[in-house]
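See below for the structure under consideration.
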Amino acid sequence: GDEAEYKRWKLDIEYGTPDYVALEDALGNPYLVWYQTIKVTNNNKDTVPLQIKVNASTDSKKTYRGTIDPIAKKALEKKKGKTFKTSSDLHKGELKAKGSMDAVVFYGKTDLEWDKFTVKITGLVDPIDKVKGKLFFEKKVLVLTYSRPGDEHGRHKDKVTFKGKKWEIEGE
0 GDEAEYKRWK LDIEYGTPDY VALEDALGNP YLVWYQTIKV TNNNKDTVPL
50 QIKVNASTDS KKTYRGTIDP IAKKALEKKK GKTFKTSSDL HKGELKAKGS
100 MDAVVFYGKT DLEWDKFTVK ITGLVDPIDK VKGKLFFEKK VLVLTYSRPG
150 DEHGRHKDKV TFKGKKWEIE GE
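When the letters of the sequence shown are read in order and numbered with this note's numbering, they come out as residues 0 to 171.
Encoded structure:
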């Protein structure tokens, strides 16, 4: 019999440049929480599972798991005048066909000295693919790179610039 055609789904994504919200701790000491906004859209004809995970790393060899931060989220929503879903919403449940989700991913208090910031996003492409009738597992990763040229003074005020994006296969 004829095999049903297997079509691999893919979610579309729009992403903001990493930025920060300035907060104060209980003692009034200022600190910065870095974040990135993303919007995922399902332009497929079927509902797809949400399995998106976001991580970042800096040229200073530090890594940051995309996470939630209720205090920073509240400050950001007030600043932007809109509400966002969180990184945990990006990997639970499903996204209906033609549906979209605006989310914010927090990276926490990053190393203040970074010059290069790399973001890796998984879960945008169906991990199951079919080639010549055989199903196989392949985890595609969207890699976004940013730089922040400038000297060591007031690093957080230096402009963050988008440098590029590429797809990688995890494990290669």
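In this text, a Cβ means the ideal position worked out from N, Cα and C, and glycines have one as well. None of the values given here were measured: they were computed from a predicted structure.
Legend entry - Segment limits, beta strand (DSSP E) that includes A74: Premise fails: A74 lies in the alpha helix (DSSP H), P69 to K79, not in any beta strand (DSSP E).
Inset, instruction - Find out if the Cβ-Cβ distance for the pair N42, D11 is shorter than 7 Å. - result: yes
Inset, instruction - Could you check how far apart the C-beta atoms of G98 and Q50 are, in whole angstroms? I think they sit under 8 Å. - result: The pair is not a contact, with the Cβ atoms about 15 Å apart (cut-off 8 Å).
Legend entry - Nonlocal neighbours in the same chain, by C-beta distance under 6 Å from S56, ignoring five residues either side: T62 and T117
Legend entry - Backbone CA spacing between H90 and V39 [nearest angstrom]: 12 Å
Legend entry - Short Cβ contact (7 Å threshold) for T85 with I67: yes
Inset, instruction - Return the chain-ordered list of same chain residues with a C-beta closer than 6 Å to the C-beta of T82, the five sequence neighbours on each side being excluded. - result: E76
Legend entry - Three-state secondary structure (DSSP) of D88: helix
Inset, instruction - Tell me, please, whether the stretch 133 to 148 touches the stretch 101 to 119 by the rule of three or more beta-carbon pairs shorter than 8 Å. - result: yes
Legend entry - Exposed unless 16 or more other CB atoms sit within 10 angstroms - verdict on Y30: exposed
Legend entry - G65 and V104 closer than 7 Å at C-beta: yes
Inset, instruction - Round the Cβ separation of A96 and I37 to the nearest angstrom and send it over; I've been treating them as touching at under 8 Å. - result: A96 to I37, Cβ: 19 Å. No contact.
Legend entry - Element boundaries [beta strand (DSSP E), containing Q35]: P29 to T40
Legend entry - Nearest-angstrom beta carbon gap, V130 and E167 [assumed within contact, 8 Å]: 18 Å between Cβ atoms; not a contact.
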